[in-house]
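Chemist: Structure below; questions to follow.
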Amino acid sequence: MVIFKLKELLEKNNMSRYKLRQYTNFSYSRVNDYYFGRVKDIKASEINTLCKLFKCNIQDIIEYKKD
């Protein structure tokens, strides 16, 4: 199972979903999909944008756990 940790990153960086939308130009629904873990497909460009914004690694955004 793939787990998205965007909610934790936003809390750690004191950033709202609204501010994230402004910084990344992601749509409201795309930000919410990441925030609530409902992402069905992952774009490398989006992960790259998030890593640059939060100055983090992919593992800080996405985690894989065996079922």
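In terms of the numbering used here, the sequence shown opens at residue 4 and continues consecutively.
Positions of the beta carbon are idealized from the N, C-alpha and C atoms, including for glycine.
Predicted model, so just to flag it, every value in this text is computed and none were measured.
#1: Could you give the DSSP three-state label for Ile6: helix, strand or coil?
#2: Beta-carbon within less than 7 Å of Gly40's beta-carbon, same chain only, minus the 5 sequence neighbours each way: which residues are those?
#3: Could you check what DSSP says for Ile50 in three-state terms: helix, strand or coil?
#4: Phe57 and Leu12 - do their beta-carbons sit closer together than 7 Å?
#5: How would you label Ile64, buried or exposed, when you count the other beta carbons within 10 angstroms and need 16 or more for buried?
#6: Could you spell out the range, first to last residue, of the alpha helix (DSSP H) harbouring Lys22?
Modeler: Per the coordinate set shown:
#1: Residue state, collapsed to three classes: strand.
#2: Taking Gly40 as the centre and dropping the five residues before and after it, the same chain places the C-beta of Ile6, Phe7 closer than 7 Å to its C-beta, in chain order.
#3: Ile50: helix per DSSP, three-state reduction.
#4: Phe57 sits close to Leu12, with the two beta carbons spaced by under 7 Å.
#5: Buried, by the Cβ-count rule.
#6: For Lys22, the uninterrupted alpha helix (DSSP H) run begins and ends at 20 to 27, by DSSP.
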